[in-house]
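Undergrad:
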Amino acid sequence: MMGNFAARFPTDRRYTPNHMWLGAQGTAMRFGLSAYAIRLLREIYFLEWSVDAGATVRQKDEIGAVESSKAVAALYAPADGTITRFNADALADPSAINKDGYGAGWLFEMTGNANDAMEPAEYLRYLETSWTKAQALLKGQAA
Amino acid sequence: MSLLTVLLFQSPDRAPRRLALEESILAVLAQEPDIAVAAMPPLYDLTDSNADLASLRALTDPLAALAWLYPRAIHWTLHQRGIKGRVGKTQLDRGGESASPKDQTPKDAADAPARMIWSLDLRDGDTAAMHVAEIQRILQEVRTTEPRSLASPPIQNPKSRIQNPPPSRWYPVIDFARCNHCMECIDFCLFGVYGVDDDAHLVVESPDNCKPGCPACSRVCPENAIFFPMHRAPSIAGAPGAGPDARKLDLSELFGAPAAVQLADDERNAALAGAGKETKPKDDLDKLMDALDDAKL
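One line per chain: the protein sequences are H and S, in this order. Take my numbering: the final residue in the first sequence is number 143, and no numbers are missing along the way. Take my numbering: the final residue in the second sequence is number 297, and no numbers are missing along the way.
(1) For V204(S), which three-state DSSP category applies?
(2) Using a Cβ cut-off of 7 Å, which residues of the region 65–89 of chain H contact any Cβ in chain S, in chain order?
(3) So, is D250(S) buried or exposed, given that buried needs 16 or more other C-beta atoms within 10 angstroms?
(4) Distance check for M116(S) and A39(S), CA to CA, integer angstroms please.
(5) Can you round the beta-carbon distance between Y15(H) and A96(H) to whole angstroms, since I take them to be within the 8 Å contact cut?
(6) Could you check what DSSP says for G105(H) in three-state terms: helix, strand or coil?
(7) Taking 7 Å as the limit between beta carbons, can you name the residues of its chain near F46(H), skipping five residues before and five after?
(8) Cβ closer than 7 Å: which chain H residues qualify as neighbours of G256(S)?
(9) Would you identify the three-state DSSP class for R268(S), choosing helix, strand or coil?
(10) Can at least three beta-carbon pairs, one atom from the region 21–28 of chain S and one from the region 122–141 of chain S, be found at a separation below 8 Å?
(11) Tell me, please, whether the CB atom of L91(H) is closer than 9 Å to any CB atom in chain C?
(12) Please classify G243(S) as buried or exposed, where buried requires at least 16 neighbouring CB atoms within 10 angstroms.
(13) Could you tell me the boundaries of the alpha helix (DSSP H) in which L56(S) lies?
(14) So, with DSSP's three-state summary, where would you put R232(S)?
(15) Using a cut-off of 8 Å between C-beta atoms, extract the partners of D250(S) located in chain H.
(16) So, does the region 1–16 of chain S touch the region 36–56 of chain S, judging by three or more C-beta pairs under 8 Å?
(17) Measure the C-alpha to C-alpha separation of T111(H) and A225(S) and round it to an integer number of angstroms.
(18) Since Y150(H) and P17(H) should fall inside the 8 Å C-beta cutoff, what is the C-beta to C-beta distance between them, to a whole number of angstroms?
(19) Tell me whether M170(H) sits in a helix, a strand or coil according to DSSP, three-state version.
(20) Give the secondary structure of A237(S) by DSSP, where H, G and I count as helix, E and B as strand, and everything else as coil.
(21) Looking at the unbroken alpha helix (DSSP H) that takes in I25(S), where does it start and where does it end?
(22) Buried or exposed for A58(S), please, with buried defined as at least 16 other CB atoms from any protein chain shown within 10 angstroms of its CB.
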């Protein structure tokens with residue numbers, strides 16, 4: 001998968017189908033982009049949120065966007081719930097996401113239920129099966 | 001007397017960095033005797049009643065347009081306003097391909113007057129000097145190919161800052177070098193934005209019927225000929241390239257965006273709901289029509 005360079009997927013957290021990781025943070029869950037997502041985006045230099053902290057969202061609601069050296073992408077709520085806090089540091093300097101995506105480069109915290117979050121092993125299998133689709137997306141557009 | 005008219009369409013947002021770039025370009029070009037330069041309100045938001053547009057339509061001399069839009073969006077927005085011409089090749093455009101005249105159909109080529117229009121995206125150069133240099137290069141090209149002085153410059157307000165930008169608008173712009181008049185967009189749009197002219201060609205008949213924020217018809221266009229210059233996604237805003245943006249990939253689908261057709265349907269339904277109409281489930285007639293479409297008769 002993804003060439004010969006191993007991407008790191010820490011086992012102390014779970015992963016969502018839209019390529020975010022989540023870990024417990026007090027009573028909330030903290031979310032960030034998985035190494036897979038970051039690798040596809042490359043250097044992220046723009047991040048914006050289209051909702052405010054405190055907003056109630058439904059899964060798949062568009063909540064923001066990222067732009068990187070080679071791609072743009074909208075970001076979608078990974079679960080139903082309330083977004084409690086955005087990472088102001090990552091917003092001010094999105095390169096934090098590339099430097100430390102599993103730590104200081106977290107994106108936001110929210111309360112709610114991430115019912116379709118996967119254990120790391122399960123996420124790896126999901127990546128294997130969805131890689132064909134991702135390649136089609138990449139190649140279809142890069143023509 | 002001048003050889004080249006330069007229009008600088010200002011940014012709809014009043015971001016200081018953009019204002020500063022506009023000011024310095026205007027100041028330098030105003031010193032050039034062979035150039036008639038004019039500051040204009042934001043191109044996309046101009047309405048047909050704008051007085052300057054009428055004089056620009058009458059103008060048949062070489063034109064360079066600078067705006068905070070992709071070059072294709074500039075060219076075809078001008079075209080939609082009745083300011084037509086051939087695509088002038090520029091060298092600033094990072095995408096490599098500018099407004100892509102190579103697949104221009106004979107009809108559209110015959111429609112466009114012989115005069116050249118160069119479209120420059122102000123986002124393509126960070127300094128005024130880069131844009132000024134490109135304008136100078138274009139001026140040199142005009143000097144060698146069409147060394148005629150303009151009878152009178154159509155507009156002269158080199159320094160005037162547009163105090164009150166017009167209210168923002170939202171409507172589709174058609175790239176007629178790509179449009180093959182298949183009418184998918186007419187079928188898809190529920191708001192009567194599109195129409196057909198006497199030659200059975202597509203026209204944007206009622207642009208202000210369009211629902212702000214809805215780019216759904218651009219997603220269903222098989223030729224990628226419809227764009228919304230103010231949309232966030234480069235592929236919908238008229239970025240250069242064959243299909244979706246050749247410069248940047250749109251990875252939204254990876255992060256949970258629905259596929260394009262689904263997205264178009266959702267956007268249209270949202271626009272419909274916003275317009276106070278009800279979305280209805282498909283009835284038997286709709287299903288029959290879908291089946292016929294699928295059969296590709």
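All residues carry an ideal CB built from backbone N, CA and C; glycine is no exception.
TA: This is what the structure gives:
(1) strand
(2) A65, K70, A71, V72, A73, A74, L75, Y76
(3) Buried, because 16 or more other Cβ atoms sit within 10 Å of the Cβ of D250(S).
(4) 20 Å
(5) Rounded, the Cβ-Cβ distance is 20 Å, inconsistent with contact.
(6) coil
(7) V66, E67, P94
(8) N18, K60, Y76
(9) helix
(10) yes
(11) You won't find chain C in this structure, because its protein chains are H and S.
(12) Below a pLDDT of 50, predicted positions are generally treated as unreliable, and G243(S), at 45, falls in that range; the measurement from the model is reported next regardless. So G243(S) ends up on the exposed side.
(13) 51–58
(14) coil
(15) A71, V72, A73, Q141
(16) yes
(17) Looking at the two C-alpha atoms, the distance is approximately 42 Å.
(18) Outside the displayed range of chain H (1 to 143) lies residue 150(H), so it cannot be described from this structure.
(19) As shown, chain H starts at 1 and ends at 143. That puts residue 170(H) outside it, with no answer to give.
(20) helix
(21) 16–30
(22) exposed
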